[in-house]
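Peer 1: Be aware that the sequence shown starts at 837, since it is given in this note's numbering, and climbs by one per residue. This structure is in structure tokens; I'll ask about it shortly.
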Amino acid sequence: MQHTIKRIYMGVALVAGLMITACNKDFLNTQPRDEAAEDLVFSDPGLTEAFVNDIYNGLSSGGFLETMLSSATDESMFTHGYGMKNMVEATINPTDAEYITNRSTMKWDEMYKRIRACNKFFSKIADVPFDDASVKDRLKGETYFLRAYFYHQLVRGYGAVPLVTEVYKLGQTDYTIARSTFEECVNFIVKDCDSAAYFLKAKEGITVKGRATEGAALALKSRILLYAASDLHDIPTAKSKATTIAGFGQPEVLGYVSGDRTARWQKAKDAAKALIDRNMYALQSPDPASREEATANIQGMFLKDNSESIFSRYFKNDKDEPGGNIGLYNGLNGYHNWAGNTPTQLLVDDYEMNDGTAFDWSNAAHKANPYQNRDPRFYATIIYDGSHWRKRPADVQAKDPFNQAQTGRYEVWNGTQIVPNPGLDTRSGPVEDWNGSFTGYYFKKFIDTTVDAQFYNQEVPYPFFRYTEVILNYVEACIELHQDAEARTYLNMIRRRAAMPDITASGDELRTRYRKEREIEMAFEEQRFYDVRRWMIPQNTVGRPLKGISITATLKPGSKITVYRYDPTNYNYVYTPITMEAEKRLWQDKMYFMPIQRDEINRNSKLVQNPGY
């Protein structure tokens, strides 16, 4: 029978506390009830498993943080500014990178804390007296995966890092260690992924949901090899595109200084295909009967496990579970939510029309009705002005009995004259306006409409890895190997799932279409931040000025609407893209890699700082 862990860790402390009794004769030697001695942990199989469970805490809340990584990209904007503003304005430095050091999923000290726990496990596991050897193997596999995952988080944020494989002890003469080369780090992660897959093989259907599996290990291997083959980590290419990298004295910590790049793309292709060929997973709802069905399928796909779920983080309706607060963090202020991370006009404009052509503000029909006839994924991902949402709270219901997002400025009839009426979900509205969206949009992806986020947490899982990413990895490698027909075959599988027409392009155009497809398909899943860097296209993506939308609706002659609703028969609508003043977004080449904290440099004299800092 399959069980679900909603909070991954049990915690050594809880288990130990139940097993240890106080000593009545010698209170000075009493064992604390909130911790267990190391020898006890690794002499008891149950406590050893609890120790591994606790390592999963390094996965934090997945991507469901209050300040999401998407807001460091052109996908969204963090409304409240703190921790993110200096990221997008490129003013971070080794002593002032608050988002990276406190709010992100790439925190240096947190990753190494969990890596140390993995190393401790490996140093002790051989002597733990498990009755069932398969349980020991499973824990080995999980821990190999976790160590690989934590190192991959560091490597894709900082470049190469010190590879620590043992637990430091008191009294050592030297605790310092230099950064390994980028190639060594990639090889180490791949080796751990292979070890994880070996120990977890054939356990896919019997492990607890939320634990690592063979599929998760192979998906991570696919991702890191794709990164390794990309422009940013091919130093000859990177030097030609970034002056900071060209002048850096130790480029081997940033990428491959030599070698066969084609071979690296082939490894990336092979890794993705190895998982595809295992037939463990499949695209969810691959053949919708209509665009409307595609929208419903895609929206629902991100609310629960499905056929393409590879490895996810699970939550429960508990205020101590931050990841369950994603609806509160990002919901509409007119529902008493915080509007924390709001989609940008830049992202909205990147959604195609449903016939596969590009959206264009210079097209009169597009400008007049920008939310009509778009890619079905747009309607599953973005809340826009006039779109239906859940029932308004009781204290707001009378102001909007139609339950529609209100992100514009509208006229209404007050009985004697026409008066202005700011939307409920704006920063000028009557409901918690300080939490209103600057951009004019809100999240829909991952938000459960059946949960009142003001009071309750949702139980939507965060997908660290899903099958779509593996297919996209395969497509990208095929494109770079000039295997366009194969690339189109798999890319169009994803397009058809969205009821979008096939892509027929080749060469550079196919690469461009693929990158747009990856942006749309993986929105808000912590992919874009790394993708635009490894492709080395930041100026035309995350470096663009931040854009939002201004919407006005004026009553048509003779119309006397007293309670606003979206209604083109009674209103004239004007949509105007605007440049946001809240953030002066800027790209500098130092932002290809994150700064290593000054404290870490001070602790370890062998660390070399990343270029530009």
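Idealized CB from N, CA, C, for every residue including glycine.
Give the secondary structure of T1412 by DSSP, where H, G and I count as helix, E and B as strand, and everything else as coil.
Peer 2: Three-state result, T1412: strand.
Peer 1: In terms of residue numbering, what span does the alpha helix (DSSP H) encompassing R1332 cover?
Peer 2: Residues D1320 to R1333.
Peer 1: From what residue to what residue does the beta strand (DSSP E) around R1302 run?
Peer 2: Its beta strand (DSSP E) spans residues Y1298 to R1302.
Peer 1: In whole angstroms, give me the CA-to-CA distance for F1138 and L901.
Peer 2: Rounded to whole angstroms, F1138 to L901 spans 16 Å at the Cα level.
Peer 1: Can you confirm whether the segment 1088-1101 touches the segment 992-999 when touching is taken to mean that 3 or more C-beta pairs between the two stretches lie within less than 8 Å?
Peer 2: Yes, since at least three Cβ pairs between the segment 992-999 and the segment 1088-1101 fall closer than 8 Å, the two stretches touch.
Peer 1: By DSSP, does K1383 sit in helix, in strand, or in coil?
Peer 2: DSSP places K1383 in strand when its eight states are reduced to three.
Peer 1: Where I1450 and K1426 are concerned, what is the direct C-alpha to C-alpha distance, given to the nearest angstrom?
Peer 2: Examination of residue 1450 is not possible in this model, given that the chain is present from 837 through 1449 alone.
Peer 1: What did DSSP end up calling T1193 once you bin it into helix, strand or coil?
Peer 2: Note: T1193 maps to coil in three-state DSSP.
Peer 1: Excluding the 5 residues preceding and the 5 following R1401 in the sequence, name in chain order all residues of the same chain whose CB lies nearer than 7 Å to its CB.
Peer 2: So the qualifying residues of the chain are F1238 and Q1240.
Peer 1: Helix or strand or just coil, what does DSSP make of A1065?
Peer 2: Here A1065 sits in helix by DSSP.
Peer 1: Which residues in the same chain have their Cβ closer than 6 Å to the Cβ of S1031, if we skip the five residues on either side of it in sequence?
Peer 2: Y980, listed in sequence order.
Peer 1: Count the other CB atoms, across all protein chains shown, that sit within 10 Å of the CB of F1300; report buried if there are 16 or more and exposed otherwise.
Peer 2: F1300 is buried by the Cβ-count criterion.
Peer 1: Give me, in chain order, the residues of the same chain whose beta-carbon lies closer than 7 Å to that of Q1433; leave out the 5 immediate sequence neighbours on both sides.
Peer 2: Same-chain partners within the cutoff: P930, T937 and W944.
Peer 1: Can you list, in chain order, the stretches of the alpha helix (DSSP H) that have 4 or more residues and sit fully within the segment 952-1032?
Peer 2: If we require 4 residues or more, the alpha helix (DSSP H) runs fully inside the segment 952-1032 come out as 969-994.
Peer 1: Smallest Cα separation from M942: which of F1151, P965, D910 and F986?
Peer 2: Among F1151, P965, D910 and F986, the Cα nearest to that of M942 belongs to F986.
Peer 1: Apply the 10 Å Cβ neighbour rule to S1476 and answer buried if 16 or more other Cβ atoms are within range, or exposed otherwise.
Peer 2: The question about residue 1476 has no answer, for the chain in this structure spans 837 to 1449.
Peer 1: Using the DSSP secondary-structure output, state which residues sit across from S1145 in a beta bridge.
Peer 2: Partner(s): R1302.
Peer 1: Let me check understanding here. Comparing Cα to Cα, which of D973, Y1150 and H1318 lies closest to D1344?
Peer 2: Nearest option by C-alpha distance: H1318.
Peer 1: If you check the beta carbons only, do N1177 and D1211 fall under 8 Å apart?
Peer 2: No, Cβ-Cβ distance for N1177 and D1211 is not below 8 Å.
Peer 1: Output the residue ranges of the alpha helix (DSSP H) runs that lie fully inside the segment 891-939 and measure 4 residues or longer, sorted by chain position.
Peer 2: Fully enclosed alpha helix (DSSP H) runs of 4 or longer: 921-924.
Peer 1: Could you give the DSSP three-state label for T1390: helix, strand or coil?
Peer 2: Residue state, collapsed to three classes: strand.
Peer 1: Using a Cβ-based criterion (distance less than 7 Å to any ligand heavy atom), does V1410 qualify as near the ligand MG?
Peer 2: Questions concerning the ligand MG fall outside what the structure shown contains, since it holds no ligand whatsoever.
Peer 1: Helix, strand or coil for R1210 per DSSP?
Peer 2: Correct three-state label for R1210: strand.
Peer 1: With a threshold of 8 Å on Cβ separation, who are the neighbours of T1252 within its own chain once the five nearest residues in sequence on each side are excluded?
Peer 2: Nothing meets the Cβ criterion.
Peer 1: Buried or exposed: which applies to K1281, given that a residue is buried once 16 or more other Cβ atoms fall within 10 Å of its Cβ?
Peer 2: The residue in question, K1281, is buried, as its Cβ has 16 or more Cβ neighbours within 10 Å.
Peer 1: Closer than 6 Å by C-beta to F966: which residues in its own chain qualify, once you throw out the five before and the five after it? Chain order, please.
Peer 2: Within the same chain, F966 has close Cβ partners P881 and K972.
Peer 1: Rounded to whole angstroms, what's the CA-CA distance from N1153 to Y1292? Just pull it up for me.
Peer 2: Going from the Cα of N1153 to the Cα of Y1292 covers about 6 Å.
Peer 1: Where does Q1135 sit, in a helix, a strand or coil, going by DSSP?
Peer 2: Of the three classes helix, strand and coil, the one that applies to Q1135 here is helix, per DSSP.
Peer 1: May I have the straight-line CA-CA distance separating P1431 from Q1424, to the nearest angstrom?
Peer 2: C-alpha separation (whole angstroms): 13 Å.
Peer 1: Less than 8 Å separating the beta-carbons of L1346 and A1313?
Peer 2: Against a cut-off of 8 Å, the Cβ pair of A1313 and L1346 comes out as no contact.
Peer 1: Tell me the rounded alpha-carbon separation between G1192 and G1276.
Peer 2: Between G1192 and G1276, the C-alpha separation is close to 25 Å.
Peer 1: Contact check, N1376 vs T1390 under 8 Å by CB: the rounded distance?
Peer 2: At roughly 36 Å, the Cβ-Cβ gap does not stay under 8 Å, so N1376 and T1390 are not in contact.
Peer 1: Would you kindly report the start and end of the unbroken alpha helix (DSSP H) that includes N1166?
Peer 2: First-last of the alpha helix (DSSP H) with N1166: I1162 to N1166.
Peer 1: What distance in whole Å lies between the Cβ atoms of A1118 and Y1303, which are believed to be in contact at a cut-off of 8 Å?
Peer 2: 7 Å between Cβ atoms; contact.
Peer 1: According to DSSP, is P1158 helix, strand or coil?
Peer 2: In the structure shown, P1158 sits in a helix (DSSP, three-state: H, G or I).
Peer 1: Could you check the C-alpha separation between A1200 and Y1411 for me, to the nearest Å?
Peer 2: Near 11 Å, if we compare the C-alpha coordinates of Y1411 and A1200.
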